[in-house]
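Using our numbering, the first residue of the sequence shown is number -13, and each one after it goes up by one. Beta carbons are placed, not taken as given, at the ideal position from N, Cα and C, and that holds for glycine. On a predicted model such as this, the values are computed, not experimentally measured, just so you know. First comes the structure, then the notes that go with it.
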Amino acid sequence: MTEILDGKKLRDKIFAGLKTKLDRMSEKPTLAVILAGNDPASQIYVRNKKKTAENLGINSIVIEYPADVTETELLAKISELNNDKKISAILVQLPLPKQIDKFRIIDAILPQKDVDGLTPYNLGKLFAGEQPYVYPCTPKGILLLLDEYGINPAEKHVVVIGRSNLVGKPVAQMLLQRNATVTMCHSHTTNLPDITKTADIVVSAVGKNIIGEKMLKSNCVVVDVGIYRDETGKVRGDVDFEGVSNIAAYISPVPGGVGPMTIASLMLNTVELFERNKQSL
Ligand code: GUN
């Protein structure tokens, strides 16, 4: 029987712990989110982040800009948030409008307030095997989910599909640090099924339905990071859930797997930055 990696259940457990902690704090963290443009998915994600933060007792502000915002305006806002002692954590929702150089914007965030762990300082620390201020949210959520089910990546062959800065690259580094043997695959990998068939754990972050049961070995673990709507409007992941359920030992569903863990990690990171910044900023 395939076991479900239940992200909602673990998220609720994490939130219960965070709520108790936040209820005891006299001063609360504040998460600032910058949303530029009118990407419908981003608008939903940002609304969820704000609502979730507020339900837990984390203050949250959302600063919205039209699609024709300039880099200068965004950089000025980030500088203001960096210098504002009341702001604990800053998140710039991606993707940004096409005229904006996302690297310039992310680079401007103070690493101590970089709640996504995406600045060169934090990613550099992670890639050097040192401790960043916080770990990127989705990779952190994936590792928390594996840990919750007693799945230890050490000595396992983990195949990561997708090489984004948000998910693929950082999760591969975090798995390396946990002594996994990691293979990175991406859109130019020519023999994907040959590689995935040797995987003990597959982490797929593509956004297309690409993983079927014939690509996997028995009793593997499948972590589905993809999320998109198919032509009928149904929310789907990268994995053919029904087929893969015949073969995998564990599988994370979409929705209800990695998605809730990303938001749980965002809340954990916000509180971690708040506590550290109180002592040092
Ligand atoms: N867009 C999609 N996922 C994310 C995320 O985790 N962080 C940011 N900043 N933007 C995103």
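- Between D216 and I197, the C-beta gap is not smaller than 8 Å, which leaves the two residues out of contact.
- A residue is called buried once 16 or more other Cβ atoms fall within 10 Å of its Cβ, and Q98 is buried on that count.
- Annotation: N41 to Q79 spans about 20 Å, alpha carbon to alpha carbon.
- Pairwise C-beta distances place the segment 253 to 260 out of contact with the segment 225 to 233, as fewer than three of them are shorter than 8 Å.
- A distance below 8 Å separates the beta carbons of Y121 and L112.
- Proximity of the segment 23 to 38 to the segment 66 to 75 falls short of the contact definition, fewer than three beta-carbon pairs being nearer than 8 Å.
- Around the C-beta of M(-13), fewer than 16 other C-beta atoms lie within 10 Å, and the residue is accordingly described as exposed.
- The ligand GUN never approaches D210 closely enough for any of its heavy atoms to be under 7 Å from the residue's Cβ.
- Cβ neighbours of Q163 within its own chain (closer than 7 Å, five residues either side excluded): G115.
- Here the residues close to the ligand GUN, judged by CB distance below 6 Å to any of its heavy atoms, are L77, V78, Q79, L80, D102, C123, T124, L152, T248 in chain order.
- Rounded to the nearest whole angstrom, the CA to CA distance from E134 to G(-7) is 10 Å.
- Taking every protein chain shown into account, the CB of G136 has fewer than 16 other CB atoms within 10 angstroms, so this residue is exposed.
- Nearest neighbour of L(-9) by Cα position, chosen from T218, V240, Q265, turns out to be V240.
- Counting every other CB atom within 10 Å of its CB across the protein chains shown gives P179 a total below 16, marking it as exposed.
- M170 carries a strand assignment under DSSP once its states are collapsed to helix, strand and coil.
- For D93, the secondary structure class from DSSP, reduced to helix, strand or coil, is helix.
- Cβ neighbours of D102 within its own chain (closer than 7 Å, five residues either side excluded): L77, P122, C123.
- DSSP lists V221 as the beta-bridge partner residues of R215.
- Counting only the Cα atoms, K200 lies some 43 Å from A75.
- Annotated as proximal: M170 and A158, with beta-carbon spacing under 8 Å.
- Per the C-alpha coordinates, the member of A234, G127, G193, I64 positioned closest to N205 is A234.
- Annotation for K126: S251 place their beta carbon closer than 7 Å to its own, counting only its chain and skipping 5 residues before and after.
- Classified as buried, F1 has 16 or more neighbouring CB atoms from the shown chains inside 10 Å of its CB.
- Within a 10 Å sphere around the beta-carbon of I30 sit fewer than 16 other beta-carbons, which makes this residue exposed.
- DSSP, read as helix, strand or coil, puts D25 in coil.
- Here A62 is exposed: its Cβ has fewer than 16 other Cβ atoms, across all protein chains shown, within 10 Å.
- DSSP places A185 in no alpha helix (DSSP H); its state is neither H nor E.
- The C-alpha of I181 lies about 27 Å from the C-alpha of G242.
- Within its own chain, the residues whose Cβ lies closer than 6 Å to the Cβ of V55, once the five positions on either side in sequence are excluded, are A22, listed in chain order.
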